[in-house]
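Let me begin by presenting the structure, written as structure tokens, before commenting on it.
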Amino acid sequence: MEQGRARESAARWPYAPGPPAAGPYRAAPPASELPEQARGEHTHGEGPGPRPVRRHSVRGQILDALRHALVSGDLVPGEVYSAPALGERFGVSATPVREAMQRLTQEGAVEVVPNRGFRVTARSAHELAELAEVRALIEVPVMLRLARTVPAQRWAELRLLADATAAAAVVGDRAGYADCDRAFHRAMLSLSGNQQLVMVADELHRRSQWPLVSAPAPRRADLVADAAEHSALLDALIARDLPVVQSLVREHFTGAAG
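Following the working numbering, the numbering of the sequence shown begins with 1 at its first residue and continues without gaps.
Have a look at this one:
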């Protein structure tokens with residue numbers, strides 16, 4: 001029975017915090033995606049979970065894991081998760097989980113449920129559209145300015161990042177795609193030399209990746225189409241085709257909101 005539960009949990013949680021493990025787990029991705037295991041109202045920690053987290057930077061690893069689980073849909077909007085149950089599955093105390101959840105509370109990803117844990121925020125399509133509008137207001141003028149001034153070679157150097165988003169999309173890796181997508185946009189905006197801009201835009205981008213409670217998970221074809229826009233945008237930037245750059249950036253945000 002316990003072995004059956006372990007297999008089921010491994011299938012549902014493809015990443016385990018810490019060093020690469022044998023068996024069904026893959027190596028934990030870089031600084032922002034390692035998931036997690038408890039679901040719903042589970043406050044007692046049923047069944048074995050991922051391998052224990054390394055003791056250094058525990059809170060940061062747990063935060064990365066929870067963010068990964070949000071993007072991948074393993075943490076479901078509207079459901080409540082307790083810190084002790086999550087901690088048991090990670091092999092840590094409830095304290096770093098609670099601290100990570102408090103950070104997610106500040107970001108608006110979860111809300112505190114007294115005496116029970118944390119509920120994943122159920123967002124509306126309207127909220128997602130608002131995020132897309134704000135991102136467009138910030139990024140479109142910046143990208144148009146960069147299109148006029150950044151040499152073609154600098155844009156060409158970002159092709160590997162665009163290819164990484166395409167690779168994640170082809171295999172349907174939602175969480176991996178989210179990481180690559182943010183990395184691509186960060187790299188483009190970093191060419192502005194404005195790190196405050198990069199941080200604000202990245203936070204808005206992260207929030208826009210949280211799933212909606214009533215929306216189906218993105219299909220592989222949707223991810224592939226979204227990734228293709230990255231390559232098309234680089235082509236337009238290299239050609240300094242400003243109307244196409246403006247259109248692609250706006251449509252990219254609108255598509256994400258949809």
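Quick reminder that beta carbons are idealized off the backbone N, C-alpha and C, glycines included.
Quick one: what's residue i bridged to in DSSP?
| i | result |
| --- | --- |
| residue 118 | 81, 112 |
Below 8 Å on the Cβ atoms is my guess for residue i versus residue j; work out the distance and round it to an integer in Å.
| i | j | result |
| --- | --- | --- |
| residue 238 | residue 168 | The Cβ separation is near 23 Å, so there is no contact. |
| residue 248 | residue 233 | 5 Å |
| residue 105 | residue 97 | Rounded, the Cβ-Cβ distance is 12 Å, inconsistent with contact. |
| residue 210 | residue 123 | 6 Å |
| residue 242 | residue 147 | 6 Å |
| residue 162 | residue 208 | Not really, about 19 Å apart at Cβ, beyond 8 Å. |
| residue 201 | residue 138 | 6 Å |
| residue 212 | residue 125 | 6 Å |
Quick one: Cα of residue i to Cα of residue j, how far?
| i | j | result |
| --- | --- | --- |
| residue 80 | residue 129 | 25 Å |
| residue 272 | residue 93 | This structure leaves residue 272 out entirely; the chain is present only between 1 and 258. |
| residue 100 | residue 204 | 19 Å |
| residue 235 | residue 251 | 16 Å |
| residue 190 | residue 184 | 10 Å |
| residue 127 | residue 165 | 25 Å |
| residue 153 | residue 120 | 43 Å |
| residue 261 | residue 245 | Summary: the structure shown does not reach residue 261, with the chain confined to residues 1 through 258, and so no result is reported for it. |
| residue 115 | residue 82 | 9 Å |
| residue 178 | residue 151 | 27 Å |
| residue 72 | residue 62 | 15 Å |
| residue 253 | residue 159 | 20 Å |
| residue 149 | residue 240 | 9 Å |
| residue 221 | residue 229 | 13 Å |
| residue 74 | residue 68 | 8 Å |
| residue 76 | residue 187 | 30 Å |
| residue 91 | residue 103 | 20 Å |
| residue 131 | residue 219 | 21 Å |
| residue 58 | residue 64 | 10 Å |
| residue 180 | residue 117 | 31 Å |
| residue 170 | residue 226 | 11 Å |
| residue 60 | residue 78 | 24 Å |
| residue 108 | residue 206 | 11 Å |
Could you spell out the range, first to last residue, of the alpha helix (DSSP H) harbouring residue i?
| i | result |
| --- | --- |
| residue 74 | Segment: none, residue 74 is in no alpha helix (DSSP H) and carries neither H nor E. |
| residue 141 | 125–149 |
| residue 153 | 152–156 |
| residue 106 | 94–107 |
| residue 195 | 195–208 |
Inset, instruction - Spell out a yes or no on whether the stretch 181–200 and the stretch 129–145 are touching, meaning 3 or more CB-CB pairs, one atom from each, closer than 8 Å. - result: yes
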